[in-house]
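J.: Our numbering numbers the first residue of the sequence shown as 31 and each following residue consecutively. We put the CB at the ideal spot given by N, CA and C, even for glycine. Bear in mind the structure is a predicted one, so any value in this text is a computation, not a measurement.
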Amino acid sequence: MNESNSRDSAQVEKIKAAKNERRCVSCRKIAPKHEFWRIVKCHPSKKIAIDLSNILMQGRSAYLCPTDSCLQSAKKKNRLSKSLKATVTDEIYQQLQLLITSRSELTD
Ligand SMILES: [Zn+2]
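1) So that I know if they touch, is there some Cβ in chain C lying closer than 8 Å to that of Thr97?
2) Along the chain, where does the beta strand (DSSP E) containing Cys95 start, and where does it finish?
3) Sorted by chain position, which residues of the same chain lie with C-beta nearer than 6 Å to Ile122's C-beta, five sequence neighbours on each side aside?
4) Mapping DSSP to helix, strand and coil, what is Ala116?
5) Between Ser91 and Ser39, what straight-line distance do the alpha-carbon atoms span, to the nearest angstrom?
6) Taking the continuous beta strand (DSSP E) assigned at Val55, which residues delimit it?
7) Does ligand 1 have even one heavy atom less than 7 Å from the beta-carbon of Ser91?
8) Run through the DSSP bridge pairs and tell me what Lys71 is partnered with.
9) Between the C-alpha atoms of Lys49 and Ala61, what's the straight-line distance to the nearest angstrom?
10) In chain order, what residues of the same chain have a beta carbon less than 8 Å from the beta carbon of Thr97, not counting five sequence neighbours either side?
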């Protein structure tokens with residue numbers, strides 16, 4: 031790989047996307063996909079699931095930062111539903127909210 035600093039940032043983003051980097055549906059931040067929650071519309075059941083174990087469930091997926099602000103914004107703007115082209119129920123958002131809550135309780 032011969033990486034040049036003269037590349038414009040849009041081009042760099044495209045290259046990053048190809049290297050297992052993903053974009054948050056809320057804040058549009060790009061980061062390695064393991065830093066995000068992955069929400070999947072499973073195929074062929076069309077069931078919406080949170081892929082926490084990164085076992086790469088089959089289907090269309092959306093990525094979201096594991097933060098309260100991105101979760102709230104995604105919920106308010108219905109971003110997950112739009113990205114997955116499916117109805118993401120409150121239950122999914124509640125599960126994600128619980129993940130934040132349980133994690134902050136674990137933090138020393
Ligand atoms: Zn985000």
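T.: By the coordinates alone:
1) Absent from the structure is chain C; it holds one protein chain and no more.
2) That residue, Cys95, is in no beta strand (DSSP E); it is neither H nor E in DSSP.
3) Residues Ile78 of the same chain have their beta carbon placed closer than 6 Å to that of Ile122, with the five preceding and five following residues left out of the count.
4) coil
5) 25 Å
6) From DSSP, Val55 is part of no beta strand (DSSP E); its letter is neither H nor E.
7) Checking the Cβ of Ser91 against ligand 1 gives no.
8) The partner list for Lys71 (beta bridge, DSSP) reads Ile78, Arg90.
9) 10 Å
10) Ile130
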